Amino acid sequence: MTDETDFSTANTMRERSGKSRTKLWLLLRANRLVVSSVLTCAVFVAFVIAVAFLNPPFSRQIESGDMIDTMFSTMITVIVTGTTLVVTIGQLVLSQENGPLGDQRERMSNAMDFREFTEELIGSPSPADPSEFLRQIIGVTAQRTTALRESVGENDDENLREEVEEFAESVTGNAETVREQLEGAQFGSFDVVFAALNFNYSWKIFQVERLANEYEASLTEEEHGLLADLKTALSLFGPAREHIKTLYFQWALINLSQMILYAAVPALAVAGIMVAVVDAGTFPGSTLGLDHIILVVGGAFAVTLVPFMLFVSYVLRIVTIAKRTLAIEPLILRESQR
Numbered sequence: 281m282t283d284e285t286d287f288s289t290a291n292t293m294r295e296r297s298g299k300s301r302t303k304l305w306l307l308l309r310a311n312r313l314v315v316s317s318v319l320t321c322a323v324f325v326a327f328v329i330a331v332a333f334l335n336p337p338f339s340r341q342i343e344s345g346d347m348i349d350t351m352f353s354t355m356i357t358v359i360v361t362g363t364t365l366v367v368t369i370g371q372l373v374l375s376q377e378n379g380p381l382g383d384q385r386e387r388m389s390n391a392m393d394f395r396e397f398t399e400e401l402i403g404s405p406s407p408a409d410p411s412e413f414l415r416q417i418i419g420v421t422a423q424r425t426t427a428l429r430e431s432v433g434e435n436d437d438e439n440l441r442e443e444v445e446e447f448a449e450s451v452t453g454n455a456e457t458v459r460e461q462l463e464g465a466q467f468g469s470f471d472v473v474f475a476a477l478n479f480n481y482s483w484k485i486f487q488v489e490r491l492a493n494e495y496e497a498s499l500t501e502e503e504h505g506l507l508a509d510l511k512t513a514l515s516l517f518g519p520a521r522e523h524i525k526t527l528y529f530q531w532a533l534i535n536l537s538q539m540i541l542y543a544a545v546p547a548l549a550v551a552g553i554m555v556a557v558v559d560a561g562t563f564p565g566s567t568l569g570l571d572h573i574i575l576v577v578g579g580a581f582a583v584t585l586v587p588f589m590l591f592v593s594y595v596l597r598i599v600t601i602a603k604r605t606l607a608i609e610p611l612i613l614r615e616s617q618r
């Protein structure tokens with residue numbers, strides 16, 4: 281069987297990415313505060329080790345110059361400029377949601393039209409909860425796939441029956457897995473978006489189109505209709521997922537702006553104290569062979585980097601999601617999928 285008819289391939293995000301579980305966890309699943317804390321600790325450890333064991337000795341450098349003043353004066357400028365820039369970017373993104381009354385009315389109208397179309401699809405009022413909204417669409421997709429399998433099961437074309445059976449098994453299995461992941465997931469956490477990314481709807485749309493074209497003569501009128509209904513359900517999942525993903529991006533950028541502002545205040549305080557008070561004789565002595573001044577400067581430097589590490593941890597997740605969801609239609613952008 282060719283790659284194009286390997287229906288069980290690359291449903292989940294990890295399978296499609298071709299990356300290790302650890303790397304994917306770091307980029308997407310891990311709590312962003314944990315990631316930023318790990319990055320900050322790594323910088324502290326690297327700084328202490330490098331300064332402690334490289335020549336010339338750190339104590340001699342700070343005694344002979346104004347290295348601490350220069351270092352943390354620069355960090356004050358970086359913190360103020362970087363915080364202002366990040367918050368401004370966040371506000372620019374959010375400003376897209378603002379506009380005159382006519383634009384807001386159009387947004388509302390488009391949103392309600394989509395909900396009404398979804399209501400027709402699922403046969404009940406569209407859920408207000410994002411995770412349940414996606415679960416219902418995926419549930420209808422699974423139901424229509426089962427109906428297609430049952431109908432084609434009586435078709436005379438053996439190749440068609442085999443391919444539809446394998447396709448249906450892949451779709452229903454993937455749908456059940458994602459529905460379980462979405463159950464009880466709360467919007468604002470990454471769980472809703474990550475589960476939605478595990479439903480590879482675009483590849484399934486391509487397979488529906490391929491089956492309809494390749495077996496056009498073998499399919500009955502009813503089966504053509506079932507394929508069209510399944511394609512409609514899959515096509516509806518695409519914009520629904522993109523809308524929820526966009527809302528999550530906005531939510532994440534707001535959280536990022538808040539946390540950077542919170543982290544910037546102590547970072548500025550630490551940098552200011554280091555400039556105003558600390559010199560070579562402020563922290564005499566050593567512990568386990570490490571001069572106290574090295575530990576203090578390294579710790580202070582790490583604290584001043586916390587706003588930047590928060591920015592890195594959040595942007596890593598956002599750009600990874602954006603890169604893997606560039607195409608809303610059935611286009612294969614990843615080499616591992618071709």
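If you want this note's numbering, it's the position in the sequence shown, counting the first as 1, plus 280.
Glycine included, C-beta positions come from ideal geometry on N, C-alpha and C.
Because the structure is a prediction, the values reported are computed rather than measured.
With DSSP as the reference, identify every bridge partner of S300, one or two as the case may be. Working through the sequence shown from its first residue, we reach residue 300 at position 20. Paired residues: none, contrary to the question.
Any idea if V599 is buried or exposed, counting beta-carbon neighbours within 10 angstroms, 16 or more meaning buried? Sequence index remark: in the sequence shown, residue 599 carries index 319 (1-based). With fewer than 16 Cβ atoms within 10 Å of its Cβ, V599 is classed as exposed.
Neighbourhood of I485 by C-beta distance below 7 Å, restricted to the same chain and skipping five residues each side: Position 205 of the sequence shown holds residue 485. Contacts found: K511, L514, S515 and P610.
Please report the straight-line C-alpha distance between L606 and L428, rounded to a whole angstrom. For this step, residue 606 is matched to residue 326 along the sequence shown. For this step, residue 428 is matched to residue 148 along the sequence shown. L606 and L428 have their C-alpha atoms spaced approximately 30 Å apart.
CA-CA distance, L507 and T457? As a first step, residue 507 must be located in the sequence shown, where it is residue number 227. As a first step, residue 457 must be located in the sequence shown, where it is residue number 177. CA-CA distance, L507 to T457, rounds to 22 Å.
With DSSP collapsed to three states, give me the class of L585. Within the sequence shown, residue 585 is the residue found at index 305, counting from 1. L585: coil per DSSP, three-state reduction.
Would you say A513 touches the ligand PLP, meaning its beta carbon is less than 7 Å from a heavy atom? Among the ligands in the structure shown, none appear at all, so the ligand PLP cannot be discussed.
Check whether the stretch 580-591 touches the stretch 359-372, taking contact to mean three or more Cβ pairs, one atom from each stretch, closer than 8 Å. The stretch 580-591 is in contact with the stretch 359-372.
Per DSSP, F467 is paired with what? The count along the sequence shown starts at 1 and reaches residue 467 at position 187. According to DSSP, F467 bridges with S469.
Under 8 Å by Cβ, that's how I've got E433 and R441 pegged, so tell me the actual separation to the nearest angstrom. As a first step, residue 433 is located in the sequence shown; it is residue number 153 there, counting from the start. As a first step, residue 441 is located in the sequence shown; it is residue number 161 there, counting from the start. Per the sequence shown, the amino acid found at residue 433 is Gly instead of Glu. Yes, G433 and R441 are in contact; Cβ-Cβ is about 6 Å, under 8 Å.
Count the other C-beta atoms from every protein chain shown that fall within 10 angstroms of the C-beta of W305, then say buried if there are 16 or more, exposed otherwise. For this step, residue 305 is matched to residue 25 along the sequence shown. Exposed, because fewer than 16 other Cβ atoms sit within 10 Å of the Cβ of W305.
Determine the DSSP secondary structure at S482, reduced to helix, strand or coil. Walking along the sequence shown from the start, residue 482 turns up at place 202. S482: helix per DSSP, three-state reduction.
Of the residues Y495, K525 and G518, the one placed nearest F474, counting alpha carbons only: Position 194 of the sequence shown, counting from 1, holds the residue named residue 474. Nearest of Y495, K525 and G518 to F474, Cα basis: K525.
Cross-strand partners of S566 (DSSP beta bridge): In the sequence shown, residue 566 corresponds to position 286, counting from 1. Per the DSSP secondary-structure output, S566 pairs in a beta bridge with D571.
Is it true that the CB of V555 sits closer than 8 Å to the CB of D349? Position 69 of the sequence shown, counting from 1, holds the residue named residue 349. Position 275 of the sequence shown, counting from 1, holds the residue named residue 555. Yes, these two residues count as a Cβ contact at 8 Å.
Cβ neighbours of M539 in the same chain (closer than 6 Å, five flanking residues each side left out): In the sequence shown, counting from the first residue as 1, residue 539 sits at position 259. The answer, listed in chain order, is L590.
Near I418, which residues of its chain fall below 8 Å by C-beta distance, leaving aside the five closest residues on each side in sequence? Locating residue 418 in the sequence shown gives position 138, counting from the first residue. Setting aside the 5 residues that flank it on each side, I418 is surrounded in the same chain by A455, V458, R459, L462, F479 and F517, each with a C-beta closer than 8 Å to its C-beta; the list follows chain order.
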